[in-house]
Structures are given as C-alpha cells and as structure tokens.
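Undergrad: From first to last, the protein sequence lines are chains L and R. Taken in order, the first sequence gives residues 1 to 352; the numbers are from the working numbering. Taken in order, the second sequence gives residues 10001 to 11025; the numbers are from the working numbering.
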Amino acid sequence: MSMLWVDKYRPKDFSMLDYHIQQSQELKNLVEHSDFPHLLIYGPSGAGKKTRIMCILKELFGPGVERLKMDNVTVVTPSNKKVEIVTVNSNYHIEINPSDVGIYDRVIIMDLIKNIAQTQHITTNNNTRDFKVVVLTEADNLTVDAQHALRRTMEKYSSNCRLILCATSLSPVIPAIQSRCLLIRVPAPSTKEIATILQTTCKKEDVSLPLSFAEELAKVCNGNLRRALLMCEACKVENNSFQDYKTIPQPDWRVFITKLADFIIQKQSIQNIVRIREQLYELLTNGIPPEVIFRNLVEALVLKCNEAVIPFLVQEAAIYEYRMTQGNKHIIHLEAFVIKAMCLFRNKSNTQ
Amino acid sequence: MDGYPNSDEEFELMYGDELELLNEQDNEDEYINRLPQPKVRKSLNFDAPSRLTDVHDDPNSSIISGCHEIADESVQKDDYESTVGEMEINVDNNILSTTQSTSNSRKRTVEALFGNIEDLLDIDIEEYSAPKRVKADEKCKKDLELIDLIIRKRNDYKTSNNLGAIAINISGITSDAERNKHNISREVPKYPFIRIKDFSKENVYIRIHSEAYEKEESQRIVKEHSFQGVLGESFKKVWSEATSLISIEPVQSSTENADINMLEETNHDNQLWVELYKPRKYFELLSDESTNRTILRWIKLWDKVVFNRNPKIKVTPVVTDNKKRFFNFNELNTKLDEHGRPENKVVLLCGPPGLGKTTLAHMVAKHAGYNVVEINASDDRSVDAFRTALETATQMRSVIDQERRPNCIVFDEIDGAPQTSIDYLVKFIQGTASKTKKGKNKDKPEFILKRPIICICNDVYVPALRPLKQIAFVINFPQTSSVRLAERLVEICRRQQIKTDMGPMTALAEKSNNDIRSCLSVLHFFKSQNKPIGLSDIYKASIGQKDMQKGLFAIWREIFEIKRLKKPTGGNSAPTLKERMQDTLNAVGSFGDHERVAQGVFENFPLLNIKDTNMEETSQALDWFCFNDIFNKYIYTTQNYSLWGYLDYAFVVWHFAFASFQKQKLIYPSAGFEARAKEIRQKAVVAEVLRGMAPSTRCYNAFIPLLLDVLPLLIRIISPPFRPVSLHLYNDEEKRNLLHVASIMADYNLNYIQERKSDGIYEYNLEPNIEDLVIFDKAGDRRKLPSYSNKQLISREIEMEKMRRFEVQSGSSIKPTDLKKSKIQETKKAEVPTKEEKAAPKKSPDLPNHLQKLKSKALNKDKILKLVRYESSLSGAKSEVATSLPTHHVWIVLLCGRKCPGAVCLALERSNKTYDLSTAHLTKKHRIIKKEGLNSSSMAVLFIAFYSLFMGMEISLGPIMVIWVGCGIEEAGAGGDAWIREDSISNVPPAFCFALLNRVGGFGGGEEECNYLAVTSIWSIHITH
C-alpha cells in the first residue's frame, strides 16, 4: 500500500529509529523490565513523540497493537449532554484525545478512563502484560479540572493500567501529574539528522536528493521532521526531480503570514487596519492557532525590519502574546501588536 | 389663479377633517343628521368667495376664524403665488397628468415636518404640485407656513378657549335660570307643553318651542351675552365660535374646569402633579401632532364595527386608490376588511418613557367614545390572565359605566410581558380568520375581535414583540418639542405660583430629554423649596437626569462623535474634555452590555477617517482593547462583577482617540460573529478528515499538526501534474502516480465528489473541502489543479482502493464461529493484512472497471469461506453484521421473505446514505420478473437492474452487500451464480458479498428472545488477470 512518505517510512519499532538512539535504547530497557511507570512524553511537534509511543506499545504487546480500529464512544455529562469522542484502540491499548470535547474533557477522564482503568484485563496469553495502556494525547490541552480528575485515577488503578501522556509543552500540565509520571522529553531532531533522514528516505523511493537541498529543507522546516518530509514529497511531486527547484513549498499559511509581515513593513497607516484585520481573521478562522500566528509574524518581521527596532519589537511581542493568553479575543491582541509594530517602525523611520 | 387656496382655506383643508372628528364625537346625535353634507368636500370647488361664506356659515369650523388674524400676512404670499400660478398655468395643464409623481415628492417634505397630513391635503395636491415643482424653495416656505399656522392656531385656541369658558359661565348661569322660570311649570301652562312626572309623581309641564323659535332664542341669548367689538370680530364669528365650543364640550368644559379648580384646591397636597396636570382634552396633548392624529384616525376606523356607522375618514375609494402608500412607515392603512374592521387590528406605540404614550392612548380612546381597559405591568400577565382580560374586555361591556361605552383595551408596558402571553395576544388577534372557518363547521356563533387594542412599549426590539410587530400598526413616538413642553411647564408654574419663566423651563425640558413626567417631578420638588426657579437652579440640579436607556447606535455615536454644545447665549461651542469624558461615561454606563458596545467600537473605528499620523493614539486605544478583553475575562472567570465599573473608562480613551465632529456612518458589528461561525465550520472540516481516516494513519495525526503541516502540503502532493488524457495512454510511471495519489487520499478520507454548479456544469470537488481551509491566497494560487477528467480518474481509483481495503478487512474479519479457533488463529490473522497490503497493489487492476475488457471471471474458490452455521440470539446476528459491514457505503438491501428487522436496520444504520428506490425505476423486463415472483436468480437480475440504475444516477458505489432474508442457503447460492452470469453482461463491481440471514422457528417472546439462525456467508469474487 503506498502512502505518504511520512507514513510509509515511519519507524515501527525501536530498532528502526534514526535519531535519539541513546534515548530509545533506554526506553527499550525500561519496557523490557516488567514494571514501568506512567509516562509523560513531551517535545515539539514533529519530533517523533507518537512514533516513540507506538514503538513502546509494540515492544510491550507485540504486533497486535498495530491492528487498530476506531470507535465512537458516547459519554453523558452530569447535565445530560451527550458527548461523543473517537478512540483509536487495539486489543491492548486505547488512545483518546480528551481535549476534542473541549470543556467536557473532565467527563471523559472521569467516566471513560476510570472505567477502562477499573476493569481488569483478561489475559489467557502469557506473553502479554497484565495491564493495558491508555494513551492521552494533547495532555497539555486538558483543563485543570480534568487534570485533577486524572491524578487520583493514576494512582488508584495503577495495577490495571498505565497512562502515557503526550504533550508539546510541559507548563500547562499541573505539577501533581508531572510528579506521577516519568518525564521523557523528545527533542526535535537536529538539522543534520533531518537532512540525513530526508536523503535516506529519498533513496528508498529511488529519487536522488542533493545534500544542499536536503539541508535547505531541514533548515526551513524548523526541526519539524513531519513538515520536512512532507515538503520534500511535495517538492518531488511538483518538480519530479530536485535539480531545478526554485522555491521550497511551504504551507500556505506561512506564506500568507510572510506576506502580511511585508505589508506591515511597507506601509504603516491607519487605513491599512481594515485589510490587516481581514487577513488576521482569515488566519484565525482557518484554525491557525494565534500563538503560531504571533510567532511566525514576529519571525517574519524580524527578518525584514530595521535592526535597531528588533529588541523593542521582540519585547512588545512578548508583552502582547502574554496578554493574549490572558484574554479571550485573540484578534484584538494580534491587531494591537500589529499597530504597535507599525508605530515602532514609523517612529524609527521618522527619527532617521 | 383661484385654484390656490389662501392660507385659511388651506388650513381648513388640512384640519377640517380633524375638526369634524372632534365635533362629531361630542355631539354624536347631531352628527347623524349632518353626516351627509361634509363641509370640506363642499368647499372643494375652489370657488373662493362662496367658499369663504361657507366657512363662516359653517358652525363647525369656528376655529378657523382665528386664522383671520394672519390673513394679512398671507395676502402677500397669495399674490406671489398667484403670479406664479399664472406663469405656470400653461405648464399646469401638461403636468396635471404627471402630478402623481410630483405630489409624491411633495408629500415627503410635508411629512418630514408634520408626519402624515397628506391624507388631509390630497385633494388639493394637484393644484399645488405644479408651481411647487418649479419652485422648490417655495415648498419649504409653504411648509414653514404650515407650522406657523398650527402654532398660531394653538395659541388662538388657548385664548379663545379662555374667552369661551367665561362666556359660558356667564350665559350659562343667568340664562338657564331665566329660561327655567318661563318654560317649566307645575300647573298646566298656556303654551304648548309636554307632561312628565317628577320624583314625587307630580306632573311637570315643560314648554315646547317651535324649532324656529328655538333658533331665534339661542341667537338672542348669544347676542345678549356676546362681547361686541372684541377684536372687531363679527357677530357671526363669535356665534359660531361659541356654538362650536359648546358643541365640543357642553358638559365637559364646565364640569372639568370646575374639576381642575376643585382638585387644585382640595387634593393639592396628596396628588402627584403628573396626575394633576394630565391632559384632559385632545388639544391639551403635548405629544407630536401627526402621531396623535394618526392614532385618532386609526381608532375611528373601528367605528364601522363598533358603533355601526361609517368611519368619517377617507373611505371614498377615489382617495385611497389615488394614493401610493407603499413606502410609508407611519402611514395608516385605511382599508377595512370584510368585517368592517381596519387592516391593522392593533396599534403598537413605542418610544422612550415620559412622552405621553399612555396618556395619548387613554385620551384617544376616550375621545372616540370608548371605555378604556388598561392592563399594565402591575397586573398578572400570565397567559390565563391575558385570556380572561382579553375576552372580558372584547366581549362584554361595562354595566357600571352610565354611558355604556364599548371597551378599548390598552396594554401598557407590553415589552415586559412574557412571550407566551404576547403569542396568545397575536393568536387572539389573528385567530379570528382561522376560527371563523372552524366556527362555521361547528355552527357556533363565530367570534371576531371587534374592539380596538392599543399596545404600548418602550423598547420595540424586544424579541418577544416580534410576532406582534408584524401584525401591528407600529407607531414610533417622536420626541415632544421642548418649546411646547416648556410652555406647558410655565403654565403649570403659574398655577402653582412658582416664579419662573420660559428660559429655565426650556432648559429643564432639554435636560430631561423632554420627559414630561420627570419635568413635573422636578417642579414639584422646587415647589416645596418655595423660591423662584432660575436658570442656574436647573443646571445645578442633578435631578431630572434620568437613567436614560439609549440604543446601541446612539451609544456608538456618543463615542465617535463630539457633540457641539448650544451656548445659552447662542452659537455652538466644543465641550471641554471633562464634559466629554463625563458624557461618555454616562452614555456607556447607562447601557449594560459593555461587550457589545466594545465590539462595535472595535469594528467601526478602522472605517472612520481618523487622522493619526504616528499612530501612537491608535496604538494606545488598542492597548485599551486588550485591557478590556483581559478584564472581561477576569470578571467572567472569577465572577467578580464589582470590577465592572472600571470597564467604562476604556470607552473614554476610545472616545478621545477616535471622536470627531463629523457625523459618522456606523455599522452593526458582525465580523466577529461571522469569524466565529466560520471558524467552527472550518474546524468541522478538519474533524471530518480525522474521523474518516484510516486508523493506522489516525493514530499518528492530531488536529493541530494535521492542520498546520499535513493538509497544506498534502494538497500539493495529491495534485501532481497529470496529463489530461485517457487512462490507457498513461505510462507505468503515471499510473503509479495515480495510484499513489488515490491511496493517499483514501488514507486521509479525501475524495472528489461530483457537484453540479449553478450554470449546469459538473465539477469535481474535494470532499471534505480542505482546499478552502488551507489555501489562503485564493487569487494567487498557482497550483496546477488536476483537470476534470483527472479528478474523475482519481475519484474512481479512490473507490477502487477503498474496495480493496474493505475486501482485506472483511476477509480478515470473518471470524469462525468457534471462539477457541479464533484465539489460536489470531496471530496468523494479524499477519494476513500485512501480506495482503503488499499483495493488493499488484493484484488490483490499474484500469477502472468500465475500461476493462470483459473476461470471464473465475471464482476464487479460496476466498469462499465455508457457510457456517451460527446459532445465536438476535444480538449475536446484529454484532455479526455490524462487524462485517464497513461504514459509509451505499448498500443495496434486497428483502424477500420475512423480515429480519434487527439486521437490516443495522445495515441501513451503517450506510450513510439511503436511497429509496421503488420498482417504478426499473425497466419493463425487470418488473416482469418482479411479478413472476422472486426466486434468487430473478433477484440477481433485479439487483443488477438496481445497480445499473445507480450507475445511471452517478452515485458511486462501494462494495455492495446484498442481504437476502428469509430464503434458503441453496437459493442464495443460486442467486450468487445468477449474479456471476449477469455480471458478465453488464458492468458490475468486481467484488461484492452476500450476507444471508435466515430465520428458523417462530417469533416467540420479545425481540431478543426470538431465535435466529443467522448464516453469514461471504463470497468474494476477484477479477484476476
């Protein structure tokens, strides 16, 4: 079955992992010994957290975990609202993303996970462990309530089940949960590692990828291997060979943000607010998280703007982004930052 | 030139109707006699001299007489106009045909000033219009003169009213006694008499005068008591004035004047001034003239059904037909329905408090001869209470009231009534139409609403009022003019012996926003201080400023516009910063919904023309938006509403940053809401992608990475540059690419579906449409999109891919009944899919089915699993079907024999679309088979018929499952054979399965109890090369 390169060449067990070899060896050792604690795996997007989780599971239970199916589970909230969530499960584990249901994640934790944790796994086969695994993705998006609901469950039913939490950032996870887990950080692969992986992948596909281009891609992808592979494939699809590439295919939203930054630098006036707002709204409505917009916008601005302004710009960006996390309406904070940045540029050009 | 009426004629034309109205209700008995000769109509021959006499002869038009005072002034104007008229006389004739349009334009201007008076003017409009059109400024002049006239008229009325009252007092007392002496007697008199009996059963003889004598006598009395030489008015005028005054209020004036005096003296201390100085006559109303008149006219429309007499107003078809009443909001529809009721059964008066809405409603209803039944917020307004009130009021009449007047219902403060009650009211008003039909059927006396209903509210935009607004005649109550209010206040002060004059009173009126009630309260308060009121007192007083609830737009205006203050000395001045701040705070503070106001400011300010070159100020203002947002969130999350007060200050900053003297065009903020709605929509698209993903892909994908990285690049990957040629011209490389794309799309639950555009062209679109989601710069999108034919190819490939996967899945998911076996085989099974994964691409055809050469298909014997007997309960059968049926495909379910409800329903549940096809769709041949009875082979034929039907409808089919219910295994097998036979002649899918459920035994007990023998068998037929 031919798939995307990302899926096709994804390592299926520890021996196939390309980077963080030391870490994977440690993980393997951990799993081999009978007991293993709850895990909290964190690291940036595209670093290979999920790949490692699946490797762990495979190591634990054998190839049976790859027979996955999806289920719809309905949970009724105390206020009699029916909440539906999709789980991906095999015979040995279940994967849930409780933040799919927003503020009702506590109900999922309370009902669903507790239920799973309470029931003993019936094993006839001696190979398998006598516990099952619950994988909670996007653990950093769990509400504080849900996290509190989780902490007791983690302790009480640890004989029946192990939790593997997956998060991009550790800070939103409450300390109580952090202390109950073994924290494993999966750092993003280095540029060099990405470049090598790209090349080996291309070799498997019978395409030759020049090293210079591989490095270029690795630089652009920001340590996100998934993005690197996808960009590489997109490039291949569009040009068929990597010889005469001109631009690296970027996700459209990044191009859009870069254009917005250019616009801000070129023209600072009140009359542009309407257009800027429209563009910000477009980004937000298409689901781009405001933090991502903020970060990419600042990066793009810093690249283009006057050097003297950069420290102020970054400082302001920090202030506004912090405020945004405290507020409700992202558009206001984004726009306020844009206007502030315009202000800075204008003052700079006036003084010069 | 005589075509132009002079000013008093003009006035009469405008007001004649109204006067008649007034007169009419007060002497109703007389009215009937007079009805056939409406004076105003008569005067419309424009014969100026004769008409003048007409006017004077007409006792009803006495008030007109006052106009003579201004006659001199109008002479000039008349002369001017007449010359204009002469000049234009030729044009006139030509234009007459087109006057309709010009008169319309004229209507507007007059209306703008006076509300609707054109109904009163309409007859002479044609004469006016021609010169009017030529001399545009003349119109304004005319309108202003009209205003002058009315103001003057009002003054006249005041003075004449006083005089009249005196006259009545004198004449009333003296002549009555004298007359009684002469005309009533206890003995049999000499003059002609009638005999009646008094309380003590004694005869009393009352003289009968001849009509002529009566007239003469009354003239004599008037002559005796008239003030000769007053203002040099003729006798006739004074006479007519007097009679008209008497006729207006023969009883009222005397009693009421006495009433007021008495009240002032007795109840002086324990009555609110609002009650004390309530208008008691129509002419005392302070509210806007045109509004008053409109309501009065509306209520008179009910005369037909209530009093059984023709309404006075413009029922003549000529008038109503000539008019174009399409665009008038405050325009009354004077048409009557089949029951003689006006089109609008209910009037909805709306406006801010203290303008006199309730007073007007009461006054008008009384004036028109009704007994007012008021239901306000203090009453119980549940549906039941409403019903009782409505029914009693409309179907009964007061017994206690001596005059036995019909009721008129006034719903005060209806904006606070519960929704259900208002709905009931609406039904009650409308329900008449539907009820009549029902009533006829039941031979019941039908009920029709026969009484006018007046509703009063402050806020017309209350959601509960929406249904009422649609059927009601909505009248927006305009502001009272502050000058009129001030005049009244001065008058009241005079009566209360408060020393003051126009200046302070005007200030007070303006300060209280022309709220009569609050003005009176303030005056009452000053009265207790017992000192003269000066201008400074008014300005100092913090009272009188009410908590005014302003509209949203008014608040935004307040923020974006700087108001010029009127100086007491005249001229304008810009308000100081302090005043501006205070005004803004007041405005925002009075309106509770900070969030909406803030959103409005946020969405409006970029549209304004702000001059802020270095953008510092704007930046600061936006910082305050941030602050406001954070603050709001804090308040809501911690429920700490005591901080609410600080929110107002942000608006002051915005005011200083954005406000200007210009008038701004403001919009209602909707962008935020739209953005939110779109966000939800787009998130649903991503969720849809996630939902249908293959589980093996799904476990590595989460929402955000999918959206940020995978989909934007995926959309490029799935659109490689295909040549737009037929598939068999593709080389191997291209074929591989095509397959690759198809399998990726199948993995990510993407597909192209055919859609018909509005212009009839078919188009393949991505489903779910991620294109919309990840492509931002739609115009600058340089990707080469696959052509229509390519998309078609891809779409077909995807279907094939899905079928293949399903096959693999279903092949492996058939569990032998023996549980133990399954356990043992488990490890083996796990390997099966991986094997097949590798095998599948090789095996699968590169060509879609319809391009393939037809070959005889060998039945892959290995794939036919044994027919296994499976004995279990219904739930067992259910789960069996559930596991073996994949979702999201079109199912063809053929039923024959007895029903097997559980399994079939389940199959239907799992398919996401259901097509209901009747045998009418089938060709003749197939229908014949149907008739002959369904054996399995004919069913196969039938099935193929269905299939080709589906192909014709261009509905893409997944693997097809046929569930044969209620037939034997052998029969099903025969069906399978027949299928293969048929297959060779038509294009049918390469793989399908039959599930056969057979029932043995009876339906004993409940559904769960009934025992099913569910035989599940699956044939998988592969096309092998």
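Think of the CB as a built atom: it goes at the ideal place given N, C-alpha and C, for glycine as much as any other residue. Keep in mind it's a predicted model, so treat the numbers as computed, not measured.
#1: For residue 257 of chain L, which residues of its own chain have a beta-carbon under 8 Å away from its beta-carbon, when the five flanking residues on both sides are left out?
#2: Output the residue ranges of the alpha helix (DSSP H) runs that lie fully inside the region 10270-10298 of chain R and measure 4 residues or longer, sorted by chain position.
#3: Assign residue 10493 of chain R to one of three DSSP states: helix, strand, or coil.
#4: Whose Cβ in chain L lies nearer than 8 Å to the Cβ of residue 10638 of chain R?
#5: Determine the burial state of residue 10392 of chain R: buried for a count of at least 16 other Cβ atoms within 10 Å of its Cβ, exposed for fewer.
#6: Quick one: using the 10 Å Cβ neighbour count with 16 as the cut-off for buried, is residue 345 of chain L buried or exposed?
#7: Residue 10555 of chain R to residue 10591 of chain R, Cα distance in whole Å?
#8: Is there a C-beta anywhere in chain R that falls below 8 Å from the one on residue 104 of chain L?
#9: Quick one: which residues of the region 10705-10731 of chain R get their C-beta closer than 9 Å to a C-beta of chain L? List them in chain order.
#10: Count the C-beta pairs between the region 10744-10755 of chain R and the region 10708-10719 of chain R that are closer than 8 Å, then say yes if the count reaches three, no if not.
#11: If we ignore side chains and look at the alpha-carbon of each, how far apart do residue 10512 of chain R and residue 10488 of chain R end up?
#12: Could you name the residues of the region 10688-10699 of chain R whose beta carbon sits closer than 7 Å to any beta carbon of chain L, in the order they occur along the chain?
#13: Measure the CB-CB distance between residue 334 of chain L and residue 290 of chain L and report whether it falls below 8 Å.
#14: According to DSSP, simplified to helix, strand and coil, what is residue 11029 of chain R?
#15: Taking C-beta to C-beta, are residue 10376 of chain R and residue 10394 of chain R nearer than 8 Å?
#16: Mind checking the region 259-275 of chain L against chain R and listing, in chain order, the residues whose C-beta falls within less than 7 Å of any C-beta there?
#17: Ignore the nearest five residues each way along the sequence and tell me which others in residue 214 of chain L's own chain have a CB closer than 6 Å to its CB.
#18: Runs of 4 residues minimum, wholly inside the region 10674-10709 of chain R: which ones carry the alpha helix (DSSP H) assignment?
#19: Which residue from R:10383, R:10582, R:10806, R:10764 puts its Cα closest to that of residue 10795 of chain R?
#20: 8 Å is my cut-off, CB to CB: does residue 10593 of chain R come that close to chain L?
#21: What is the rounded straight-line gap between the Cα of residue 42 of chain L and the Cα of residue 267 of chain L?
#22: Would you mind giving the Cβ-Cβ distance between residue 10577 of chain R and residue 10658 of chain R, rounded to the nearest angstrom? I have them listed as a contact below 8 Å.
#23: If residue 10360 of chain R sits next to residue 10287 of chain R, beta carbons under 8 Å apart, how far is it from one beta carbon to the other, in whole angstroms?
#24: Looking at residue 107 of chain L: is its Cβ nearer than 8 Å to the Cβ of residue 134 of chain L?
#25: When the Cα atoms are used, what is the spatial distance from residue 205 of chain L to residue 10730 of chain R?
#26: Confirm, please, whether the CB-CB distance from residue 10703 of chain R to residue 10790 of chain R is below 8 Å.
#27: Could you say if the region 218-230 of chain L and the region 301-316 of chain L meet the contact criterion of at least three C-beta pairs nearer than 8 Å?
#28: Using the beta-carbon count (16 or more within 10 Å), is residue 10146 of chain R buried or exposed?
#29: In terms of residue numbering, what span does the beta strand (DSSP E) encompassing residue 10754 of chain R cover?
#30: Does the beta carbon of residue 10682 of chain R come closer than 8 Å to any beta carbon on chain L?
#31: Quick one: any contact between the region 10695-10702 of chain R and the region 10586-10600 of chain R, if contact means 3 or more CB pairs under 8 Å?
#32: Taking Cβ-Cβ distances shorter than 7 Å, what residues in chain A pair up with residue 137 of chain L?
#33: The beta strand (DSSP E) that contains residue 10764 of chain R, what's its start and end?
#34: Measuring alpha carbon to alpha carbon, tell me which residue in R:10501, R:10389, R:10384, R:10341 is nearest residue 10430 of chain R.
#35: What does residue 281 of chain L reach in chain R if we use C-beta pairs closer than 8 Å?
#36: Assuming residue 70 of chain L is part of the beta strand (DSSP E), what are its boundary residues?
TA: Let me lay it out:
#1: Taking C-beta separations shorter than 8 Å and ignoring five residues to either side along the sequence, the partners of residue 257 of chain L in its chain run 283, 293, 296, 297, 300, following chain order.
#2: 10273-10276
#3: helix
#4: The contacting residues do not exist; residue 10638 of chain R stays about 12 Å from chain L at best.
#5: exposed
#6: buried
#7: 8 Å
#8: no
#9: The region 10705-10731 of chain R vs chain L, Cβ under 9 Å: 10705, 10707, 10708, 10709, 10710, 10711, 10712, 10713, 10714, 10715, 10716, 10717, 10718, 10719, 10720, 10721.
#10: yes
#11: 15 Å
#12: Contacts with chain L (Cβ-Cβ distance below 7 Å) from the region 10688-10699 of chain R involve 10691, 10695, 10696, 10697, 10698, 10699, listed in chain order.
#13: yes
#14: What is shown of chain R runs 10001 to 11025, which leaves residue 11029 of chain R out entirely.
#15: no
#16: 268, 270, 273, 274
#17: Hits under 6 Å: 195, 198, 199.
#18: 10695-10698
#19: R:10764
#20: no
#21: 41 Å
#22: Actually they do not touch by this definition, with Cβ atoms about 15 Å apart.
#23: 5 Å
#24: no
#25: 21 Å
#26: no
#27: no
#28: buried
#29: Per DSSP, residue 10754 of chain R belongs to the beta strand (DSSP E) from 10751-10756.
#30: yes
#31: no
#32: Absent from the structure is chain A; the protein chains it does hold are L and R.
#33: 10762-10767
#34: Proximity to residue 10430 of chain R across R:10501, R:10389, R:10384, R:10341 peaks at R:10341, based on C-alpha coordinates.
#35: Those are 10671, 10675, listed as they occur along chain R.
#36: 69-76
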